[in-house]
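If you read the protein sequences in the order shown, they are chains A and B. Under my numbering, read the first sequence as residues 6 to 379, first letter to last. Under my numbering, read the second sequence as residues 643 to 943, first letter to last. Have a look at the structure below, then the notes.
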Amino acid sequence: MTRSDLVLSSVTKRFGSFTAVDDLDLTVPEGSFFALLGPSGCGKTTTLRMVAGLEEPTSGTVHLGDQDISGLRPYKRPVNTVFQSYALFPHLSIAENVAFGLRRRGVKDVKQQVGEMLELVELEQYAGRRPAQLSGGQQQRVALARALINRPQVLLLDEPLGALDLKLRRQMQIELKRIQTEVGITFVHVTHDQEEAMTMADTIAVMNGGVIEQMGRPLDLYENPATTFVSNFLGQSNLVGGQVLERSSQSVLIDVHGSKLLAPSDRARSAEGDVWVGIRPEKVFLAAAESEFDDGSNLLAGGVVTDVSYVGVSTQYLARMPWGQELMVFEQNTGARDSFRPGDRVDLHWMPAHTFLLDATQAADAGVEKEEDL
Amino acid sequence: MSAAAAHVGPGEQQVPQGQDERKRGLTGYLLLLPGALWLLVFFVVPLVTLISTSLYDPSGSVFAGYEMTFHWRNYVDAVQGYGPQLWRSFLYAGTATVAAVLLGFPLAYAIAFKAGRWKNLMLILVIAPFFTSFLIRTLSWQMLLGDNGWLVDIFRTLQILGPDGHLLATPFAVVTGLTYNFLPFMVLPLYASLEKLDPRLLEAGADLYATPLTTFRKVTLPLAMPGLVAGTLLTFIPAAGDYINSELLGTPNTRMIGNEIQDLFAAGSYPVAAALSVTLMAAIVALVTVYVRRSGSEELV
Ligand SMILES: Nc1ncnc2c1ncn2[C@@H]1O[C@H](COP(=O)(O)OP(=O)(O)O)[C@@H](O)[C@H]1O
Ligand SMILES: [Mg+2]
């Protein structure tokens with residue numbers, strides 16, 4: 006076996022009686038850009054620290070390829086970290102910060118490598134400065150260079166862009182992605198920003214409360230969420246309660262407050278009894294009440310528009326349904342669609358293929374971003 | 643009306659601005675005043691008096707008065723007569739400083755990183771000795787180190803000391819006393835530096851292939867340098883001029899420069915005593931300057 010995938014097997018970490026990471030299994034393929042996505046406090050940092058060796062798992066093992074690295078001291082692991090707060094050495098110049106790892110491993114001529122690395126992160130002219138004389142974005146790049154220069158088998162990034170403003174963050178996301186493609190090292194990127202994870206990662210693991218809720222390509226996670234948490238944390242979803250009436254190998258028929266809706270069987274995580282019927286807001290179309298449909302769309306009738314926000318490319322509507330729930334609809338502003346005003350009576354319809362079904366025992370608002378988190 | 647207001651406006655604004663600046667300048671001087679006065683009366687004046695006394699004709703006396711003759715030979719007499727004591731003072735103070743670093747660094751490190759909720763208690767314990775007088779604490783070391791004390795018993799049993807060996811009235815006792823008395827002045831600045839050190843830097847060191855020892859040498863120590871420099875200065879300088887420890891724990895053979903100065907003043911030999919004091923001061927300033935330069939911490943002290 007030549008591949009050196011990073012494999013965490015049944016890793017658990019407890020702090021006293023509190024379980025920060027709970028029986029976690031995770032495989033990060035070699036050379037991939039892997040994102041660990043989850044809300045603050047869900048155990049992302051703890052997971053990374055166990056890979057780096059800065060925290061010891063209460064139980065479970067960490068493998069890198071064939072090698073069990075669980076028992077290795079951090080300075081013996083072929084793994085480097087870009088810390089959340091950068092943790093640059095304040096008493097050393099930028100060049101010496103970057104050279105630190107090479108010097109510890111007894112590399113003789115570090116000058117050229119440091120120069121090349123500083124060039125990669127576009128900081129050549131700052132080599133002689135101290136970290137405190139650099140801006141946040143520059144410090145972030147120094148932290149990246151300091152870790153990357155060691156050519157680790159796995160690079161761990163703990164919310165490396167968290168302290169940057171939005172514009173710089175977008176710029177650095179593209180930079181990071183470019184650098185990863187260039188060096189081909191496995192990146193494990195921790196973030197609580199779903200957009201960041203989606204734009205950068207090949208594979209995302211969505212973490213919540215110390216466990217992985219779902220893992221997959223960004224597109225799969227978005228189109229086919231496995232839990233209410235994932236459906237709400239990655240983008241937004243409408244979840245409406247319903248009961249399964251019939252199921253075939255192709256599709257599932259559900260009763261939703263008197264309307265009959267269809268969902269594809271392969272998108273049904275639960276197909277018995279009570280279910281959540283899920284639909285992304287941008288997949289839903291609004292039509293004036295009692296328009297005729299015969300195209301096989303799923304239809305929920307009797308809504309009243311309660312809120313309209315115009316956001317340029319789209320218009321976001323809230324429609325109150327007869328059972329009191331407010332559903333979200335995002336209409337693209339193509340000019341071809343009717344627009345509505347608060348108080349208008351509307352019907353909601355969408356393609357059955359876009360419908361997904363989730364286990365009704367999960368909370369419908371799990372993973373919804375609260376005001377204070379934004 | 644509005645034109646008038648426009649004319650008056652800027653003028654009105656300028657006047658208070660000017661006053662403001664003058665006030666701010668004045669405030670600075672007012673804040674300086676008490677300290678400056680204090681230093682003038684109790685530092686500059688005595689220093690000038692001391693230096694001039696050191697150049698008086700030594701044949702005078704307290705009763706007959708002294709004559710200012712710029713008698714620089716006082717310095718030659720002082721250095722020739724008290725060379726060994728001067729040398730001994732620096733040796734003892736240096737040894738005590740090294741001992742204080744060896745004891746104080748681990749202690750400060752433990753308080754800063756390992757004490758957890760005991761941190762405040764440990765800091766109070768470091769300061770607690772100051773609740774009793776310096777003199778009484780040094781006197782009690784007489785009992786600890788005395789021939790009937792348990793320390794001597796243990797040392798004799800362990801054969802570290804011969805059957806008739808002593809601890810009290812030895813250079814060891816004097817250095818021990820100095821180390822003990824000035825240890826808090828080492829621990830507190832060291833603690834203050836280490837406390838500021840972000841433990842994540844140590845983790846970064848470990849992550850970048852540095853063993854704990856290398857992390858200590860390359861990260862902890864350089865970042866603790868300001869505290870270490872301050873601590874060694876606060877220990878070495880007063881220890882070099884100290885006379886209580888040698889007086890209470892030593893013998894005539896362990897006399898330090900402070901003891902000689904004290905005796906000379908007591909005996910009324912003001913000019914030589916003053917010359918000795920100025921020599922000590924100059925030597926300390928020279929040593930400290932070299933030390934601070936060498937440790938590369940000019941901007942930190
Ligand atoms: N050293 C520790 N002692 C006690 N609790 C801790 C410790 N480190 C982390 N935790 C707890 O573990 C949980 C997960 O923390 P963390 O991994 O830092 O979350 P994240 O990085 O996802 O925000 C948090 O509730 C945190 O309070
Ligand atoms: Mg974190």
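Ideal Cβ placement from N, Cα and C applies to all residues, glycine included.
Annotated three-state conformation of residue 338 of chain A is coil, per DSSP. Annotation for residue 714 of chain B: no alpha helix (DSSP H) segment contains it, and DSSP assigns it neither H nor E. For the segment 834-856 of chain B, the beta-carbon criterion of a distance under 7 Å to any beta-carbon of chain A is satisfied by 840, 842, 843, 845, 846, 848, 849, 850, 851, 852, 853 and 856. Unbroken beta strand (DSSP E) stretches of 3 residues or longer found wholly inside the segment 217-255 of chain A: 243-252, given in chain order. Between residue 265 of chain A and residue 244 of chain A, the C-beta spacing is not below 9 Å. The chain-ordered list of residues whose CB is nearer than 5 Å to some heavy atom of ligand 1 reads A:20, A:25, A:45, A:46, A:47, A:48, A:49, A:50 and A:51.
When C-alpha distances from residue 160 of chain A are compared across A:36, A:296 and A:208, the shortest belongs to A:36. At a cut-off of 9 Å, the C-beta of residue 831 of chain B has no neighbouring C-beta in chain A.
Per DSSP, residue 874 of chain B is one residue of the alpha helix (DSSP H) stretching across 863-883. Taking a beta-carbon distance threshold of 9 Å, residue 861 of chain B counts as an interface residue toward chain A. Between residue 898 of chain B and residue 882 of chain B, the C-beta gap is smaller than 9 Å, which places the two residues in contact.
As a beta-bridge residue in DSSP terms, residue 212 of chain A pairs with A:217. Using a cutoff of 8 Å, the CB of residue 117 of chain A does not count as near ligand 2, since none of the ligand's heavy atoms is closer than that. Boundaries of the alpha helix (DSSP H) harbouring residue 106 of chain A: 99-109, taken from the DSSP string. For the pair residue 142 of chain A and residue 132 of chain A, the CB atoms are not nearer than the 9 Å cut-off.
Under DSSP, residue 32 of chain A takes part in a beta bridge, and its partners are A:12.
The beta carbon of residue 170 of chain A sits no closer than 8 Å to any heavy atom of ligand 2. Straight across, the Cα-Cα distance linking residue 704 of chain B with residue 927 of chain B is about 30 Å. At a cut-off of 9 Å between beta carbons, residue 876 of chain B makes no contact with chain A. In the DSSP assignment, residue 268 of chain A is bridged to A:257. For residue 181 of chain A, the three-state secondary structure derived from DSSP is helix. Residue A:10 holds the alpha-carbon nearest to the alpha-carbon of residue 67 of chain A among A:291, A:109, A:10 and A:188. By the CB criterion at 9 Å, residue 49 of chain A and residue 195 of chain A fall inside the cutoff. Within chain B, the C-beta atoms nearer than 9 Å to that of residue 94 of chain A come from 843, 846, 847, 860, 861, 864 and 865, in chain order. Check the Cα spacing between residue 62 of chain A and each of A:318, A:26 and A:39: the tightest is with A:26. Considering only beta carbons, the part of the segment 105-120 of chain A lying closer than 7 Å to chain B consists of 105, 106, 109 and 110, in chain order. Distance between residue 303 of chain A and residue 273 of chain A, taken at the CA atoms: about 16 Å. Per DSSP, residue 802 of chain B lies in no beta strand (DSSP E) segment and is marked neither H nor E. Taking 9 Å as the threshold, the shortest C-beta distance from residue 133 of chain A to chain B does not fall below it. If you draw a straight line from the Cα of residue 364 of chain A to the Cα of residue 197 of chain A, it is about 24 Å long. Secondary structure at residue 333 of chain A: strand, using DSSP grouped into helix, strand and coil. With respect to the 9 Å criterion, residue 858 of chain B and residue 738 of chain B are not classified as neighbours on the basis of their beta carbons. Listed by position along chain B, the residues whose Cβ is nearer than 7 Å to that of residue 88 of chain A are 842 and 846. When 7 Å is used as the limit between beta carbons, residue 315 of chain A is near no residue of chain B, the shortest such separation being about 43 Å. If you check the CB distance, residue 208 of chain A and residue 221 of chain A come in under 9 Å. With the rule of 3 Cβ pairs closer than 8 Å, the segment 901-912 of chain B does not count as touching the segment 795-802 of chain B.
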